[in-house]
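Those letters in the sequence shown? Residues 44 to 289, per this note's numbering, in order.
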Amino acid sequence: MLRPISLGKVHGIPMEVRPSAFILLGLLVIVMAFGEGMVFGLPIGFGGLEVPAYVKLALGIIGAEVLFFGILLHEIAHGIMARRIGHAVHVISVQLFGGEAKIQGERPHEYIKGEEMIAFVGPAANLGLGGIFLLLSICLGPASTDQATEIAITAFSVLGFYNLLLGFFNLLPGYPFDGGLILRSLLRRRMDHDRTTLTAIKVCRLTAIGLGVFGFLWSDVAVVLIAILLYLTAYLEDPEYSFKIE
């Protein structure tokens, strides 16, 4: 069995990359290198550039590595905030389905102190990083007189798009995503613990259905896939197997 690769420590928290993360990295390379089209006016990849395929592949590899860092930064933000609040963070890891900051003593469906702030800083890190990339692309815009500058503008736009997507996606009210944890923390002020989790999961399902309808009407396959992922996540996280509300 392949062992995780250590990335050292940040603020005393061990970081590692699990072998399955390289599948994610490979998928990101393909999508970013050869993806064409625009979403909200931003390119999803380098496929539209008039450059040789090997250049697109090289750009895809570099872009995927930078985005991989964005995923790691997301989890580092979670870990550092958890440490500041007083929690012990066991490890920060990146794997096939994203990243995880493992807080010692954390159990599924149980609230931890400062959960809303810990959840918020991860997406905030990606939104901030995405904003920086978009600002760089805007600043280079007036200087787009040669192919090198055009490639740089596209690269910053692509990285901006994926970091913003990562940030906003995690803020969707889908438990156990960050947005769902924030929602659960807000609901906790009015409900008991068990009901907050169940309500957050119901909101996740409704959000998934709404996104699915939107994606179907607009023929947007990506949105439909996100909706399916949200709904499956809500189904798998349903705590009815561990407790019931009478």
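C-beta atoms are modelled at their ideal positions from N, C-alpha and C, and glycine is treated no differently. The structure presented is a predicted model; accordingly, all values stated were derived computationally and were not measured.
Beta-carbon proximity list for residue i, same chain, < 6 Å, skipping 5 on both sides
i      : result
Leu224 : Glu158 and Ala162
Cβ neighbours of residue i in the same chain (closer than 8 Å, five flanking residues each side left out)
i      : result
Ile271 : Ala251 and Gly255
Leu116 : Ala168, Asn169 and Leu172
Inter-residue spacing [alpha-carbon to alpha-carbon] between residue i and residue j
i      : j      : result
Gly222 : Leu170 : 14 Å
Arg233 : Thr242 : 12 Å
Gly165 : Phe89  : 27 Å
Asp189 : Gly55  : 45 Å
Leu179 : Leu249 : 37 Å
Val60  : Ile196 : 30 Å
Phe65  : Tyr97  : 20 Å
Leu67  : Lys52  : 22 Å
Leu70  : Ser49  : 22 Å
Three-state secondary structure (DSSP) of residue i
i      : result
Val94  : coil
Gln138 : strand
Pro47  : coil
Met234 : coil
Ala131 : coil
Leu196 : It should be pointed out that residue 196 corresponds to Ile in this sequence rather than to Leu. Of the three classes helix, strand and coil, the one that applies to Ile196 here is helix, per DSSP.
Best match in the options for proximity to residue i [C-alpha to C-alpha]
i      : options                           : result
Val74  : Pro57, Leu172 and Leu100          : Leu100
Ser63  : Arg46, Ala144 and Tyr218          : Arg46
Thr192 : Lys156, Leu70, Leu92 and Ser49    : Leu92
Ile244 : Arg231, Pro216, Leu260 and Gly258 : Pro216
Leu85  : Arg238, Arg126 and Leu177         : Leu177
Phe204 : Phe259, Val137 and Ala107         : Ala107
Val132 : Leu207, Gly78, Ile155 and Leu110  : Ile155
Residues near residue i by beta carbon distance below 7 Å, same chain, minus five either side
i      : result
Leu226 : Pro216, Ala243 and Val246
Leu273 : Leu215, Gly217, Cys247, Thr250, Ala251 and Leu254
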